[in-house]
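In the UniProt record's numbering, the protein residues as written are 1 to 148.
Report on the following structure.
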């Protein structure tokens, strides 16, 4: 069923489970915005931003970028899995930096270069591993960015 431009789309309800402290921090962030946003609108904003970011992927373009990850190296065999994935993408990984944040948590930053399809695939595989608590891929996707 098509909707008229400007007409409100039908809303779907779903539920998610999050730790209470995470939800409390999210609610505080919403309140600080001061734009009368509620939790539902804030989550809709996050979903929209994720969809826009995904739509900007450029599989055939040459990209340069960085992947930042924070993870708990005590989670199962995470360190081995991270290494396995990275060894499959040696052509795309230019450099890595590994920092021990505390007894459990590590920060890893990868400098990346290559076809967008491979770079995004690498980021998806690494960020999808259980134990990676935060991560972000930042790319410049123009051919001219490689000439800087």
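Here a beta-carbon is modelled for each residue, glycine too, at the ideal position from N, C-alpha and C.
Everything numeric in this text was worked out from a predicted model, so none of it was measured.
Item, Value
"Grab the span of the alpha helix (DSSP H) containing residue 87 for me, first residue to last.", "78-87"
"Just to confirm the assignment, what range does the alpha helix (DSSP H) spanning residue 122 have?", "116-127"
"Applying the criterion that 16 or more other CB atoms from any shown protein chain within 10 Å of the CB defines a buried residue, is residue 69 buried or exposed?", "buried"
"What are the complete alpha helix (DSSP H) segments, minimum 4 residues, inside the stretch 16-74?", "20-33 and 39-55"
"Given that a residue counts as buried once 16 or more other Cβ atoms are within 10 Å of its Cβ, and exposed if not, what is residue 65?", "buried"
"Measure from the alpha carbon of residue 102 to the alpha carbon of each residue in 74, 86 and 89, then state which is nearest.", "74"
"Cβ atoms of residue 111 and residue 132: under 8 angstroms apart, would you say?", "no"
"DSSP state of residue 131, grouped into three classes?", "coil"
"Using beta-carbon positions only, say whether residue 82 and residue 126 come within less than 8 angstroms of one another.", "yes"
"Does residue 107 come out as helix, strand or coil in the three-state DSSP assignment?", "strand"
"In whole angstroms, what is the alpha-carbon distance linking residue 129 and residue 78?", "7 angstroms"
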